[in-house]
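Visitor: Read left to right, the sequence shown gives residues 1 to 425 (the working numbering). Just so you know, even glycine gets a beta-carbon here, dropped at the ideal spot from N, CA and C. Predicted model, so just to flag it, every value in this text is computed and none were measured.
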Amino acid sequence: MNVLSIGGSDPSSGAGIQSDVKTFENHGAYGFTVITAITSQNTKKISEILPIPVKTVKSQLKSVLDDFQIDAIKIGMVYDSNTIKAVHAVVKKVKCPVVVDPIIKSTTGTILLKKSAVNDFKKMIIPLATIITPNKKEAKILSGHNSIVKAAKKIQEMGAKNVIITGSNETENGIEDFVLEETRSYYLKGKKIKIINHGSGCNYSASITASLAMKKTIHDSSLFAKEYVFQSIKNSKSLGKGINITFKKQSDIHKELAHSVVNFQNIKNISNLIPECQTNFVFSKSKPKKTSDILGISGRLVKSGKEVIQAGNIIFGGSQHVATAVLEVSKKFPNIRSAINIKYEKKMIDKAKKKGLKVENYDRSKESRRSKKKENSSIAWGVSSCLRSYPPDIIYHKGDMGKEPMIIIFASDPSEVIKKILLIQ
Ligand code: PXL
Numbered sequence: 001m002n003v004l005s006i007g008g009s010d011p012s013s014g015a016g017i018q019s020d021v022k023t024f025e026n027h028g029a030y031g032f033t034v035i036t037a038i039t040s041q042n043t044k045k046i047s048e049i050l051p052i053p054v055k056t057v058k059s060q061l062k063s064v065l066d067d068f069q070i071d072a073i074k075i076g077m078v079y080d081s082n083t084i085k086a087v088h089a090v091v092k093k094v095k096c097p098v099v100v101d102p103i104i105k106s107t108t109g110t111i112l113l114k115k116s117a118v119n120d121f122k123k124m125i126i127p128l129a130t131i132i133t134p135n136k137k138e139a140k141i142l143s144g145h146n147s148i149v150k151a152a153k154k155i156q157e158m159g160a161k162n163v164i165i166t167g168s169n170e171t172e173n174g175i176e177d178f179v180l181e182e183t184r185s186y187y188l189k190g191k192k193i194k195i196i197n198h199g200s201g202c203n204y205s206a207s208i209t210a211s212l213a214m215k216k217t218i219h220d221s222s223l224f225a226k227e228y229v230f231q232s233i234k235n236s237k238s239l240g241k242g243i244n245i246t247f248k249k250q251s252d253i254h255k256e257l258a259h260s261v262v263n264f265q266n267i268k269n270i271s272n273l274i275p276e277c278q279t280n281f282v283f284s285k286s287k288p289k290k291t292s293d294i295l296g297i298s299g300r301l302v303k304s305g306k307e308v309i310q311a312g313n314i315i316f317g318g319s320q321h322v323a324t325a326v327l328e329v330s331k332k333f334p335n336i337r338s339a340i341n342i343k344y345e346k347k348m349i350d351k352a353k354k355k356g357l358k359v360e361n362y363d364r365s366k367e368s369r370r371s372k373k374k375e376n377s378s379i380a381w382g383v384s385s386c387l388r389s390y391p392p393d394i395i396y397h398k399g400d401m402g403k404e405p406m407i408i409i410f411a412s413d414p415s416e417v418i419k420k421i422l423l424i425q
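(1) Any beta carbon from chain B within less than 8 angstroms of T246's own beta carbon?
(2) Does the ligand PXL have even one heavy atom less than 7 angstroms from the beta-carbon of G201?
(3) In angstroms, rounded to a whole number, what distance separates the CA positions of N244 and S236?
(4) Would you mind working out which of A89, Y344 and D393 sits nearest S330, comparing C-alpha positions?
(5) Classify P414 as buried or exposed, calling it buried when 16 or more other Cβ atoms lie within 10 Å of its own Cβ.
(6) Using the beta-carbon count (16 or more within 10 Å), is V21 buried or exposed?
(7) For the putative contact between S205 and V87, defined by C-beta atoms under 8 angstroms, what is the C-beta separation to the nearest angstrom?
(8) Should A89 be counted as a contact of the ligand PXL given a C-beta to heavy atom distance under 7 angstroms?
(9) In the structure shown, what three-state DSSP assignment does I84 receive?
(10) Could you tell me which residues DSSP pairs with E307 in its beta bridges?
(11) Specify whether the stretch 26 to 33 and the stretch 205 to 224 touch according to this definition: at least 3 beta carbon pairs, one from each stretch, less than 8 angstroms apart.
(12) Buried or exposed for Y362, going by 16 or more other Cβ atoms inside 10 Å?
(13) Once you ignore the five residues that flank S185 on each side, which residues in its own chain have a CB closer than 8 angstroms to its CB?
(14) Apply the 10 Å Cβ neighbour rule to T83 and answer buried if 16 or more other Cβ atoms are within range, or exposed otherwise.
(15) Using a Cβ-Cβ cut-off of 8 angstroms (strictly less than) and excluding sequence neighbours within five positions of K191, which residues of its own chain qualify?
(16) E157 lies in the alpha helix (DSSP H); which residues open and close that run?
(17) Check whether the Cβ of E60 sits closer than 7 angstroms to any heavy atom of the ligand PXL, and report yes or no.
(18) Going by DSSP in three states, I267 sits in which element: helix, strand or coil?
(19) Residues in the same chain with beta-carbon distance under 6 angstroms from A429, minus the five sequence neighbours each way, listed in chain order, please.
(20) Please state whether DSSP places V99 in a helix, a strand or coil.
(21) Give me the Cα-Cα distance between E224 and P288, rounded to the nearest whole angstrom.
(22) Output yes or no for whether 8 angstroms exceeds the beta carbon distance between I46 and T39.
(23) Can you check whether the CB of S251 is closer than 8 angstroms to the CB of F281?
(24) Quick check on A160: does DSSP put it in helix, strand or coil?
(25) Output the boundary residues of the beta strand (DSSP E) element that contains T324.
(26) Rounded to the nearest angstrom, what separates M158 and K123 at their Cα positions?
Shown next as structure tokens:
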């Protein structure tokens, strides 16, 4: 998954494109950058801003877009009208989700969008936005309204498809965001941490950008971004003499699963392999003891026309069924830590056998009535009943009364799972 950040350089790496690359990587994405301005700043102040010549902004955009398929773009700091025009001319032609994070003033008080450029920003950058993510102050500056709902509606009228106003309401311990989608609106509640920090706004919009690249919904993307930012503030560090710098290190297993989910979504004709009960893709900590030690997708990977959409987020305990299968297999074969379920097709089983994969199966109708009654027991019973002395690549069953047939592919990690899908598809 390839995500591009267009914005300013921050040598403290707390905000701007440096921080975006870290956020993208934490989401399992590869981060590209186009620099619009070089700021000189630390945790106390911004001492200089040098806009990059328009010709060079354009040539950076051309270099990236000529060579790479970009799955989502974030637009951050665009300091002046010339930069805005250059970014507009190029990004309007790109067909991928665009997140606009209106960068107007830094936490330390410096202007990052020239006053003379605010009108061009409204005319040319806002209409590019699949989602725009102003905080309360920025929403007021862009819309002229104090009321959150009125501000969001006005910004939507300017051309942003969806508007999220962060920090729309704050209490002693809580912080709420207002989300205005195309056909609905709602508030998302979250916990507040009282640490003045550098980077949380950038982390939020970069997280949303990576999630849109994964074809997540706006609701799931914003929920995930909220939790991501909470953790990054909680974990923030006092690295300099001024305000804290946000910090988040996503676990390697999370990154690897997120990356492989996107590779799965991008397999040609993959929607044909999604069963009625949808798909989950899991990756376990080593030596799991329970399903909550295993990462899975809290909703599922669902078929939507020819596309596969990620419904929900990657969390521990996100899967019951596929995670239970991994739990059972890993008791005997601790190297098996990842799995996915796909639709049963005889031709795939035949192909797997031909390619030398280890294929086992069980018959659900043979499960005792007592076992069937226990929650989630069928998978545990079935999988453990067909294990042999070597680790399985595939376990399938042909269903039972009202139960859909299913294939589960196992491997040591998610990228090995993907390789096996490609082998038998
Ligand atoms: O946090 C907003 C922001 C974004 N981009 C750059 C910045 C800042 C804040 O200082 O410097 C380059």
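Guide: Quick answer:
(1) Absent from the structure is chain B; it holds one protein chain and no more.
(2) On the sequence shown, position 201 is the one that residue 201 refers to. Yes; taking the cut-off as 7 angstroms, the Cβ of G201 has a heavy atom of the ligand PXL nearer than that.
(3) On the sequence shown, residue 244 is found 244 positions in, with the first residue counted as 1. On the sequence shown, residue 236 is found 236 positions in, with the first residue counted as 1. Using only the alpha carbons, I get a separation of about 6 angstroms.
(4) By one-based count along the sequence shown, residue 330 stands at place 330. Among A89, Y344 and D393, the Cα nearest to that of S330 belongs to D393.
(5) For the purposes of this step, residue 414 is taken as residue 414 along the sequence shown, with counting starting at 1. P414 should be labelled buried.
(6) Here the question's residue 21 lines up with position 21 in the sequence shown. Answer is buried; the Cβ neighbour count reaches 16.
(7) Translated into the one-based positions of the sequence shown, residue 205 becomes position 205. Translated into the one-based positions of the sequence shown, residue 87 becomes position 87. Between V87 and S205 the Cβ distance is about 15 angstroms, and since that is not below 8 angstroms, they are no contact.
(8) Your numbering for residue 89 matches position 89 in the sequence shown. No.
(9) Here residue 84 corresponds to residue number 84 of the sequence shown, with the count starting at 1. In the structure shown, I84 sits in a helix (DSSP, three-state: H, G or I).
(10) Your numbering for residue 307 matches position 307 in the sequence shown. DSSP lists S304 as partners of E307.
(11) yes
(12) Counted from its first residue, the sequence shown places residue 362 at position 362. When all chains shown are included, Y362 counts as buried.
(13) Locating residue 185 in the sequence shown gives position 185, counting from the first residue. Result list for S185: V149, A152, F178 and V179, in chain order.
(14) Taking the sequence shown and counting its residues from 1, the one referred to as residue 83 is at position 83. Its Cβ being crowded by 16 or more others within 10 Å, T83 is buried.
(15) Counting from 1 along the sequence shown, the entry for residue 191 is found at position 191. Here the set comprises N173, G174, I175 and F230.
(16) Taking the sequence shown and counting its residues from 1, the one referred to as residue 157 is at position 157. Element bounds for E157: I148 to E157.
(17) The count along the sequence shown starts at 1 and reaches residue 60 at position 60. Rather than Glu, the amino acid found at residue 60 in this sequence is Gln. Not so, every heavy atom of the ligand PXL lies at least 7 angstroms from the Cβ.
(18) Here residue 267 refers to the residue found at position 267 when the sequence shown is read from its first residue. In this structure, I267 counts as coil in the three-state DSSP scheme.
(19) One cannot answer for residue 429 here, as it falls past the ends of the chain, which runs 1 to 425.
(20) As a first step, residue 99 is located in the sequence shown; it is residue number 99 there, counting from the start. Of the three classes helix, strand and coil, the one that applies to V99 here is strand, per DSSP.
(21) For the purposes of this step, residue 224 is identified with residue 224 of the sequence shown, where counting begins at 1. For the purposes of this step, residue 288 is identified with residue 288 of the sequence shown, where counting begins at 1. At residue 224 the sequence reads Phe, which differs from the Glu that was named. Cα to Cα, F224 sits roughly 24 angstroms from P288.
(22) Indexing the sequence shown from 1 puts residue 46 at position 46. Indexing the sequence shown from 1 puts residue 39 at position 39. Cβ atoms of I46 and T39: closer than 8 angstroms.
(23) Sequence index remark: in the sequence shown, residue 281 carries index 281 (1-based). Sequence index remark: in the sequence shown, residue 251 carries index 251 (1-based). Cβ atoms of F281 and S251: not closer than 8 angstroms.
(24) As a working note, residue 160 is residue 160 in the sequence shown. Coil.
(25) Here residue 324 corresponds to residue number 324 of the sequence shown, with the count starting at 1. Unbroken run through T324 is the alpha helix (DSSP H), H321 to K332; no beta strand (DSSP E).
(26) The residue labelled residue 158 in the question sits at position 158 within the sequence shown. The residue labelled residue 123 in the question sits at position 123 within the sequence shown. Straight-line Cα distance between these residues: approximately 7 angstroms.
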